[in-house]
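There are 2 protein chains.
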Amino acid sequence: MMLDQIELMRRLSISGTSKIVLLIMDGLGDLPGANGLTPLEAARTPNLDRLASQGICALSTPVAPGITPGSGPGHLGLFGYDPLDWDIGRGVLEALGIDFPLGPDDLAARGNFCTIDPATGHITDRRAGRIPSDVGQRLVAKLNQIRLPGVEAIARPVKEYRFVLVLRGPGLADGLTETDPQQTGVPPLPVAALRPEAAHAADLLNRWLAEARTLLADAYPANSLNLRGLAKAPAIPQMPDVYKMKMAAIATYPMYRGIARLVGMDILDAGETLDDEVAALRRAWTEYDFFFFHVKKTDSNGEDGNFEGKTAVIEQVDEWIPAIVELQPDVLVVTGDHSTPCALQAHSWHELPVLLWSQVNRPDRVERFGERACMAGGLGHIRHKDLMPLMMAHAGRLTKYGA
Amino acid sequence: MMLDQIELMRRLSISGTSKIVLLIMDGLGDLPGANGLTPLEAARTPNLDRLASQGICALSTPVAPGITPGSGPGHLGLFGYDPLDWDIGRGVLEALGIDFPLGPDDLAARGNFCTIDPATGHITDRRAGRIPSDVGQRLVAKLNQIRLPGVEAIARPVKEYRFVLVLRGPGLADGLTETDPQQTGVPPLPVAALRPEAAHAADLLNRWLAEARTLLADAYPANSLNLRGLAKAPAIPQMPDVYKMKMAAIATYPMYRGIARLVGMDILDAGETLDDEVAALRRAWTEYDFFFFHVKKTDSNGEDGNFEGKTAVIEQVDEWIPAIVELQPDVLVVTGDHSTPCALQAHSWHELPVLLWSQVNRPDRVERFGERACMAGGLGHIRHKDLMPLMMAHAGRLTKYGA
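Protein chains in written order, with the numbering used here: chain F, 2 to 404; chain V, 2 to 404.
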């Protein structure tokens, strides 16, 4: 395809007054449990089932067949990007995950405190004995004393031995190696530039590392540190420009707010519960055209292998569906970013059930919202990145291609 | 897509102890016969049906819709390559078809003995009166007397008027024209280089042709010859490197061993019958991670238009399924490289029924293994090249893409 999908959307999208809700249950897809049903199939979901029977269903592959996506690629697909074209580095995701407002000039890294043997300089514990979070916070405060020429160096605690380092300033390119040798008994590696433009950043980072290690010398077991996944946020096309919509994200977890911010959405105050999220949707309803509404706990329960918990979250979402429908969205899509089967307790490659509900969809014969019911969905098997064009079309927000 | 599938697999594949069996019934797909059923639908296959009902099914397109593949592209697709990206020349396939161990420096050609009128030098029969194979063999022995500077010239008989010529040595590039004018009443053409790097090979081949024609002058009706499909084996990524598996091929026909060797598999002694092949699988079970298990006779029967014969081969395979399942593969896929409908007595473009069976597949509602049953398969319509990623995923051999 010579015209890439984003450019095609930029060319065909038109403004309007219609409203779209993309309701994501994180990690929704699953496998049958002991009862022979998936959590979604087992859940009592009369409202989702009604939408499925009026709407059109599909199974959707987040990235490509067999590929298990992380949260970044899973959501980029939902937002209309080909996740293989846009690689978000670990440092960037880590920064997004603590709600750090990453700018286009920022270079981010995931940091790990570690233990070294002061005599040899060799790493003895890559996680510094998993120090408690309050110790990590205290050490990060120390790191923020470091000053570098021409750029800011901002450290932020994450959890236990993990932190984020952001260098902010002009002339910082990525293409940098990690310092973590991924084994003990050897010293940390220096940061090296993989391309000439990154040499300046490598110098600054090595200087920062030297100062940091001096500051930590007495902080055994966290007497050293490593930097991983050094990356800048990709200069990704901004969704509001591409789709000509005012777009808002409602998400209770920082990672998803971060990804939404990266693609140009406004971040609403979503509170902490599903009730808070629906309240946020109601408050902002007149102000935006598109709402990314993210439910986290389906995934958390999947990761814990908690079949009943996941089923209960789905039933809870179902109970809120009438409140969302009452707002009269022109298009409502319900799906997940990736599967998180309880049996695997991890993300997986399995396709996601999708329902698309609007006044102008061609209905299929699916009567229930579930993985196996969607195998007969009228949209067949699609990719996540197909969803944005489909939502735009059903919202009357795409003009004709060609005469 | 910036990251091509092979590179993505190279990046995401991880080693492990799980085992994969890819069971290929050559030319499996078919059309309904007089009884309204295809050979696969007509066959009694309780074991395949059980796998289909526990596993997940699909219909798969070998290359692209409507495209009938030869054996090369059909298998390259199954092995995870886009057959449109990797063109295997006829000379290379011909060499693989006689189990010739083709190396990366080898230039291969399909040779045809032909008849010329000694007075005019014009071709009078492009197949030399279809001389018997033993005559062909004797003439090929003569051709092996030819010596060329700096390279070896190796001729091998194939069948009747057909042989293989391999030039082996440094500096041989392909991009060469054929000598066969595809008509009688004109002389053979010289080999010409289509690019400058191929000039050296063209010179050597024209020299070899001149000497060969002198040696054959008295061998009427095989008093001349032509070379076609001059090609080197493509420098194709080797599967064991890409997928981090020890991989073995079990195939009774040389062509399929040849293709498997080309992509880096070890070739096991497979004997001649299906029983021999299963014995070979058992013997090598602990030593390999991946087995390509090839059954030829479904295709041979399809080419002969022998509906009952094809049905019987499928039933024979079904009887061996419990022996394969008993070895406890983590993933078992059953499909074909292409369709060979009895009614057409030739390869065709029709999709292939696929079943994928593992402990972690999402089951669908397919209860029988057959072309029409698989139209409702949970994986929908896929391409052959999707199978390797799907098998790898179900075998737990792919790590997450992105964080």
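We put the CB at the ideal spot given by N, CA and C, even for glycine.
Per DSSP, reduced to three states, the secondary structure at Y82 of chain V is coil, with no helix or strand assignment. Taking the CA atoms as reference points, G306 of chain F sits about 5 Å from Q346 of chain F. Residue-level contact by beta carbon fails for L195 of chain V and chain F, as no gap is shorter than 7 Å. A straight-line Cα-Cα distance of about 47 Å links E153 of chain V and T178 of chain F.
The three-state secondary structure of L345 of chain F, taken from DSSP, is coil.
With contacts defined by Cβ atoms closer than 7 Å, P40 of chain V and F308 of chain V form a contacting pair. Nearest CB-CB separation between L391 of chain V and chain F: below the 7 Å threshold. Residues of chain V with a Cβ closer than 9 Å to the Cβ of I68 of chain F are, in chain order, L9, L13, P390, A394, L399, K401, Y402. Among the CB atoms of chain V, none fall inside 7 Å of the CB of R139 of chain F. Around the Cβ of L4 of chain F, a 10 Å sphere holds fewer than 16 other Cβ atoms; the residue is exposed. Between the alpha carbons of N145 of chain F and A156 of chain F lies a gap of roughly 6 Å. The beta carbon of A281 of chain V sits closer than 7 Å to those of I251, L269, D270, A271, G272, all from its chain and outside the five residues before and after it, given in chain order. Here Y254 of chain F has K297 as same chain residues with Cβ atoms under 7 Å from its own Cβ, once five neighbours each way along the sequence are excluded. Within the stretch 22 to 36 of chain V, no residue has a Cβ lying closer than 8 Å to any Cβ of chain F. Nearest to G28 of chain V by alpha-carbon distance, out of V:H339, V:E368, V:K386, V:D276, is V:H339.
Within chain F, P33 have C-beta atoms less than 7 Å from the C-beta of P364 of chain V, given in sequence order.
When only Cα atoms are considered, A35 of chain V and E161 of chain V end up about 36 Å apart.
I7 of chain V is not a Cβ neighbour of V165 of chain V, given a cutoff of 7 Å. For D175 of chain V, no Cβ of chain F is located within less than 7 Å of the residue's own Cβ.
Contact annotation: A109 of chain F and G92 of chain F have beta-carbon atoms nearer than 7 Å.
Under the DSSP assignment, K233 of chain V falls in the beta strand (DSSP E) whose first and last residues are 225 to 233. In chain V, no part has a C-beta under 9 Å from the C-beta of W286 of chain F; the shortest such distance is about 32 Å. Neighbourhood of D387 of chain V in chain F, by CB distance below 9 Å: A65, P66, G67, in chain order. Counting C-beta pairs closer than 8 Å gives fewer than three between the stretch 206 to 220 of chain F and the stretch 256 to 267 of chain F, which falls short of the contact rule.
Rounded to the nearest angstrom, the gap between the Cα atoms of P188 of chain V and G71 of chain V is 30 Å.
A direct Cα-to-Cα measurement between T121 of chain V and D267 of chain V gives close to 50 Å. V22 of chain F is bridged by DSSP to F:F292, F:L333. Taking each of V:L216, V:K247, V:Q183, V:E198 in turn and checking the Cα distance to L228 of chain V, the smallest one comes out for V:Q183. Looking at the backbone, the Cα of M246 of chain F and that of L77 of chain F are separated by about 17 Å.
A distance of 7 Å or more separates the beta carbons of R12 of chain F and E316 of chain F. For A211 of chain F, the number of other beta carbons within 10 angstroms of its own is below 16, and it is reported as exposed.
Residues of chain V whose Cβ lies closer than 8 Å to the Cβ of I325 of chain F do not exist, since the nearest Cβ in that chain is about 28 Å away.
In the DSSP annotation of this structure, the continuous segment of the alpha helix (DSSP H) that includes I325 of chain V starts and ends at 308 to 327. Using a Cβ distance threshold of 7 Å, A129 of chain V and T116 of chain V count as a contacting pair. For L4 of chain V, the chain F residues whose Cβ falls inside 7 Å of its Cβ are L85, in order along the chain. In summary, V361 of chain F is exposed, with fewer than 16 beta-carbon neighbours lying within 10 Å of its beta-carbon over all protein chains present.
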